[in-house]
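Numbering of the sequence shown is given in the working numbering, commencing with residue 1 and proceeding in unit increments.
Built from N, CA and C at the ideal position, the CB exists for glycine as well.
Please read the structure below before turning to the comments.
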Amino acid sequence: MALAIFLFTYVFIAGARLPYLKLDRPGGALLGAVLMVVLGVVTPAEVFNHSEDPARHAIDADTIVLLLGMMLLAAYLSQAAFFRTAGAWAVRRARTPRLLLVAVTFISAILSAFLVNDTVCLMLTPLVLATVDDARLPPVPYLLAVCMGSNSGSVATFTGNPQNMLIQGASGLSYASFAAYMALPALLSTAIVAGALLFIFRFDLPATRFEPRPPPPPVDRALLALTLVVLAGVVVAFFAGLPMSWSALAGAACVMALSRREPREALDRVDWVLLLFFSSLFVVVYGVNKHGWAEEIRLLFAPLMAGPAWKETLGFAGLTLVASNLFSNVPFVMLARTWVPTLQNVELGWHVLALGSTLAGNLTLVGSVANLIVFEAARGKVDMTFMGYLRVGLPVTLVSFVVGLAVLLAEHALF
């Protein structure tokens with residue numbers, strides 16, 4: 001029953017549709033979670049964390065709280081016009097359309113390293129669309145720069161994307177240790193994205209100077225200063241080893257209390273549907289784990305990882321890249337986080353899982369929620385097809401993944 005419900009839920013996670021059921025990903029995940037409980041696979045006590053045993057907790061509350069805290073901080077940055085200011089700064093500094101493409105890629109990556117990449121894409125996409133429309137530039141390269149740069153940059157830290165937050169809760173690694181290993185792969189991946197986009201669209205981007213100079217947006221300086229100071233304090237708390245979930249939520253509560261603004265606007269900007277989606281997936285995957293199916297799936301792929309440590313790592317890396325596109329990266333990480341402790345080099349396994357599941361998002365249009373956010377926001381102006389995205393995503397992902405994996409292996413060999 002657990003496996004049947006998981007496969008039923010996966011149909012909707014994969015973006016497919018069933019006759020007479022107009023359910024999207026969050027709706028399908030919620031239905032799957034309810035079926036797990038109603039049919040007795042998971043008990044209500046296990047869902048609501050009534051047990052003292054962490055292994056019997058279906059929903060990872062730390063991940064949900066961390067995601068909520070970072071979303072609220074990003075919401076206040078948006079209210080203060082931080083994202084519009086960053087975009088306007090990039091436009092003013094860019095001398096040519098090609099430099100603008102590089103600037104968009106790296107700004108998206110840097111912001112996503114500290115804020116949730118989905119939120120960054122949601123904030124930057126309208127600005128990028130308005131800029132390229134004003135300059136009469138082709139929008140596709142710049143939209144790809146937003147989502148691919150965001151995915152690549154989010155590799156760097158635990159707060160870059162939801163799957164890294166899941167890894168943080170399961171691995172017990174410190175924020176500083178994780179960032180020390182992942183920062184260089186993230187930087188190189190971002191550089192590869194920028195270089196690949198420049199090469200692929202070299203005939204579409206004129207070498208002429210970039211003329212539009214948008215006026216600076218009205219900035220709420222007090223709110224911006226408050227939020228940036230608090231965010232810096234939250235990052236310091238992360239590096240100090242304090243609980244990440246409550247550090248983020250405490251920072252958000254501090255801004256909420258001191259901003260002298262109604263909190264409703266910030267709360268309305270939180271992606272509650274995404275939080276519901278993750279909570280539902282926790283229940284579905286917990287049911288699969290509880291009845292041993294996650295271990296059965298691991299044993300199915302065990303031959304790919306049999307042998308010495310280097311072969312095991314390469315096999316796990318390849319499996320992560322492929323399965324993150326088949327299962328979607330967040331559900332796969334929920335499954336695979338129970339496998340990593342069985343690897344010969346556990347810390348390297350967590351780093352490979354983070355790298356592969358995140359960079360896999362650049363492979364296909366549906367590989368990352370960030371991709372869908374960008375091109376859904378651009379609907380009506382850009383009609384991005386699956387194959388059109390794959391034409392760019394395939395070389396970008398393969399090169400950045402190979403380079404990133406080589407760097408990780410070298411780092412672990414040296415340190």
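Inset, instruction - Following the continuous alpha helix (DSSP H) through Leu409, name the residue where it begins and the one where it ends. - result: Phe386 to Leu414
Inset, instruction - Please report the residue range of the alpha helix (DSSP H) in which Lys290 lies. - result: Trp272 to Lys290
Inset, instruction - Using 10 angstroms around the beta-carbon of Tyr389, count the other beta-carbons present and answer buried if the total reaches 16, otherwise exposed. - result: buried
Inset, instruction - Hey, could you find the ends of the alpha helix (DSSP H) Trp293 is sitting in? - result: Trp293 to Met305
Inset, instruction - Select from Arg98, Ala86 and Val91 the residue whose C-alpha is nearest the C-alpha of Ile110. - result: Ala86
Legend entry - Under 8 Å between C-beta atoms of Ser152 and Met123: no
Legend entry - Alpha carbon of Leu363 to alpha carbon of Val330, nearest angstrom: 15 Å
Inset, instruction - Might you give, ordered along the chain, the residues of its own chain that have their beta carbon closer than 6 Å to the beta carbon of Tyr181, omitting 5 neighbours on each side? - result: His351 and Glu411
Legend entry - Presumed contact (8 Å Cβ cut-off) between Leu249 and Ala80, rounded CB distance: No, Leu249 and Ala80 are not in contact; Cβ-Cβ is about 19 Å, not under 8 Å.
Inset, instruction - Identify, in the order they occur along the chain, each residue of the same chain with its Cβ nearer than 7 Å to the Cβ of Val407, setting aside the five sequence neighbours on each side. - result: Leu184, Pro185 and Leu188
Inset, instruction - Just mark Glu46 as buried or exposed, buried being the case when its beta carbon has 16 or more other beta carbons within 10 Å. - result: buried
Inset, instruction - Alpha carbon to alpha carbon, how far is Leu304 from Phe316? Give it in angstroms, no decimals. - result: 8 Å
Legend entry - Proximal residues to Phe386 (C-beta, below 8 Å), its chain only, five neighbours per side dropped: Thr364, Leu365 and Val366
Legend entry - Counted within 10 angstroms of its Cβ, other Cβ atoms place Thr342 as buried (16 or more) or exposed: exposed
Legend entry - Cβ neighbour criterion (16 or more within 10 Å) applied to Leu197: buried
Legend entry - Neighbourhood of Ala75 by C-beta, 7 Å cutoff - its chain only, sequence neighbours within 5 removed: Ala266, Arg269 and Val270
Inset, instruction - Using beta-carbon positions only, say whether Gly149 and Thr190 come within less than 8 Å of one another. - result: yes
Inset, instruction - For the alpha helix (DSSP H) holding Val155, just list the boundary residues, first then last. - result: That residue, Val155, is in no alpha helix (DSSP H); it is neither H nor E in DSSP.
Inset, instruction - Pull up the distance between the alpha-carbon of Met1 and that of Pro26, whole angstroms please. - result: 21 Å
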